[in-house]
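S.K.: Sharing a structure with you now.
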Amino acid sequence: MHLNRRSRIALRLAMALGLAVLYVPLLVVLLNSFNASRSFAWPPTGFSLRWWQAAWQEPGLRTALWTSVRAGLGATAVALVLGTMAAFAATRYRFFGRQAVSFLLILPIALPGIVTGIALNAAFRTVLTPLGIGFGLFTVIVGHATFCIVVVFNNVSARLRRLPGSGEDASADLGAHTFQTFWYITLPAVRGALFAGALLAFALSFDEIVVTTFTAGPGTQTLPLWIFDNLARPNQGPVVDVVASALIVLSALPVWLAHRMSAP
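Residue numbering for the sequence shown follows our numbering, beginning at 4 and increasing consecutively.
Next comes the structure, spelled out in structure tokens:
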């Protein structure tokens, strides 16, 4: 498609405006983390690194960070196992209700987080509480896994659709059993998609707040919950900016790696 000069300029301006709406607020947060003022004053009254040092010395922050890491790793592990198995079942086999199963697997990522959180909260109170299992890290991992499975399922399914079955057929013809074929033929071909799905799943779990609010117990606080609780506290604004700035960098890295790994 050929565009005239005015159309190209208009498209470039629209793209620049869209990128500005997305990334200028992030840049403001990053600059405010070096603000010498104790408030969200803009423009910055001066530049200082003391808020980065103060954030590192926050004991509650370190505890919340470790909780988020454990929840993210747990949800990612569950998503890798279940999402990969579901992707192989929906892509490599034909059975009654296959499309319905695929739809049900993808649906959680489209549902509003508050709907998922309320549903999980009610389910946990009905099923787990009578068994003596209260709200805590386990329920957070289960809640996060519900939407982390989707990204693994989508990544692995997309890779399997582009992967011809001739290699697996040849391996079977040469006498390899199912697990040998998977280990030597299929796994190397989908390894990039698995890695990309794991990175995206961890990133989604790490910054989730809505579902976490309904599934975390009183003593379980992830990093996003810590940020939300400290956002309105006096003199905590600069520390929150520091944490948000660090999360911007940490969140961008796995997304970039996942994009590189999932590219054909």
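We treat Cβ as the ideally placed atom computed from N, Cα and C, and that holds for glycine. Please read all numbers here as calculations on a predicted model, not as lab measurements.
1. Expressed to the nearest angstrom, what Euclidean distance is found between the alpha-carbon atoms of V246 and A255?
2. Drop a sphere of 10 angstroms on the beta-carbon of G77, count the other beta-carbons inside from all chains shown, and report buried for 16 or more, exposed for fewer.
3. Report buried or exposed for R162, applying the criterion of at least 16 other Cβ atoms within 10 angstroms of its Cβ.
4. So which of P221, A13, T225 and N35 has the shortest CA-CA distance to G2?
5. Just verifying my parser: in three-state terms, what is the DSSP assignment at N38?
6. Answer with buried or exposed for Q60, where buried requires no fewer than 16 other C-beta atoms within 10 angstroms of its C-beta.
7. Measuring alpha carbon to alpha carbon, tell me which residue in A175, P111 and N157 is nearest G195.
8. Using the Cα positions of V243 and H147, report the straight-line distance between them to the nearest angstrom.
9. Between the alpha carbons of T129 and I121, how many angstroms are there, rounded?
10. Can you give the beta carbon distance from I212 to V153, rounded, assuming they're within the 8 angstroms contact cut?
11. Taking the alpha carbon of P115 as the point to measure from, which residue in L68, F150, T142 and W54 has its own alpha carbon closest?
12. Can you find the residues in the same chain that come closer than 6 angstroms, C-beta to C-beta, to A82, ignoring five residues on each side of it along the sequence?
13. Write down the C-beta distance between L166 and A199 rounded to the nearest angstrom, noting that I regard them as a contact closer than 8 angstroms.
14. Compare the beta carbon distance of D248 and V32 with 8 angstroms and say whether it is the shorter of the two.
15. Counting beta carbon pairs with one atom in the region 221-231 and one in the region 52-72, are three or more of them shorter than 8 angstroms?
16. Pick out whichever of F217, P241 and S208 has its Cα sitting closest to the Cα of W69.
17. With 16 other CB atoms within 10 Å as the buried threshold, where does S160 fall?
18. Of the residues L16, F91 and I117, which one's Cα is nearest the Cα of S105?
19. For L14 and L202, what's the separation of their Cα atoms in angstroms?
20. Grab me the residues of L108's own chain with a C-beta within less than 6 angstroms of its C-beta, minus the 5 sequence neighbours each way, in chain order.
21. If distances are taken between C-alpha atoms only, which option among F50, A93 and G178 comes closest to R164?
22. Which same chain residues end up closer than 7 angstroms to A74 when comparing Cβ atoms and leaving out the 5 residues on each side of it in sequence?
23. Roughly how many angstroms lie between the CA atoms of L190 and L52, to the nearest whole one?
M.R.: Working from what's here:
1. Here residue 246 refers to the residue found at position 243 of the sequence shown. Here residue 255 refers to the residue found at position 252 of the sequence shown. So the alpha carbons of these two residues sit roughly 14 angstroms apart.
2. Position 74 of the sequence shown, counted from the start, is the residue given in the question as residue 77. That one is buried.
3. Position 159 of the sequence shown, counting from 1, holds the residue named residue 162. Looking at its Cβ environment, which holds 16 or more other Cβ atoms inside 10 Å, R162 is buried.
4. Because the chain is modelled from 4 through 267, residue 2 falls outside the range shown and cannot be assessed.
5. The residue you call residue 38 lines up with position 35 of the sequence shown. Looking at N38 - three-state DSSP - the assignment turns out to be strand.
6. As a first step, residue 60 is located in the sequence shown; it is residue number 57 there, counting from the start. Q60 comes out exposed.
7. Residue mapping note: residue 195 aligns to position 192 of the sequence shown, counting from 1. Checked all of A175, P111 and N157; the closest Cα to G195 is N157.
8. Along the sequence shown, one-based indexing puts residue 243 at 240. Along the sequence shown, one-based indexing puts residue 147 at 144. So the alpha carbons of these two residues sit roughly 23 angstroms apart.
9. As a first step, residue 129 is located in the sequence shown; it is residue number 126 there, counting from the start. As a first step, residue 121 is located in the sequence shown; it is residue number 118 there, counting from the start. Cα to Cα, T129 sits roughly 12 angstroms from I121.
10. Taking the first residue of the sequence shown as 1, we reach residue 212 at position 209. Taking the first residue of the sequence shown as 1, we reach residue 153 at position 150. Not a contact, Cβ separation roughly 18 angstroms.
11. Here residue 115 refers to the residue found at position 112 of the sequence shown. The candidate whose alpha carbon is nearest that of P115 is F150.
12. Walking along the sequence shown from the start, residue 82 turns up at place 79. Once the five neighbours on either side are set aside, the close Cβ partners of A82 are A148, C151, I152, V155 and A204.
13. Counted from its first residue, the sequence shown places residue 166 at position 163. Counted from its first residue, the sequence shown places residue 199 at position 196. About 15 angstroms separates the two Cβ atoms, so there is no contact after all.
14. Position 245 of the sequence shown, counting from 1, holds the residue named residue 248. Position 29 of the sequence shown, counting from 1, holds the residue named residue 32. According to the sequence shown, residue 248 is Ser rather than Asp. Their beta carbons are under 8 angstroms apart, which means S248 touches V32 by this criterion.
15. yes
16. In the sequence shown, counting from the first residue as 1, residue 69 sits at position 66. Here the closest residue by C-alpha is S208.
17. The count along the sequence shown starts at 1 and reaches residue 160 at position 157. Buried is the call here.
18. For the purposes of this step, residue 105 is taken as the residue at position 102 of the sequence shown. Nearest of L16, F91 and I117 to S105, Cα basis: F91.
19. Indexing the sequence shown from 1 puts residue 14 at position 11. Indexing the sequence shown from 1 puts residue 202 at position 199. Taking the straight line joining both Cα atoms gives about 32 angstroms.
20. Here residue 108 refers to the residue found at position 105 when the sequence shown is read from its first residue. A89 and F156, listed in sequence order.
21. The count along the sequence shown starts at 1 and reaches residue 164 at position 161. R164 has its Cα closest to that of A93, out of F50, A93 and G178.
22. Residue 74 sits at position 71 when you count from the first residue of the sequence shown. Same-chain partners within the cutoff: L140, V143, I144, H147, S208 and T225.
23. Locating residue 190 in the sequence shown gives position 187, where the first residue counts as 1. Locating residue 52 in the sequence shown gives position 49, where the first residue counts as 1. Cα to Cα, L190 sits roughly 46 angstroms from L52.
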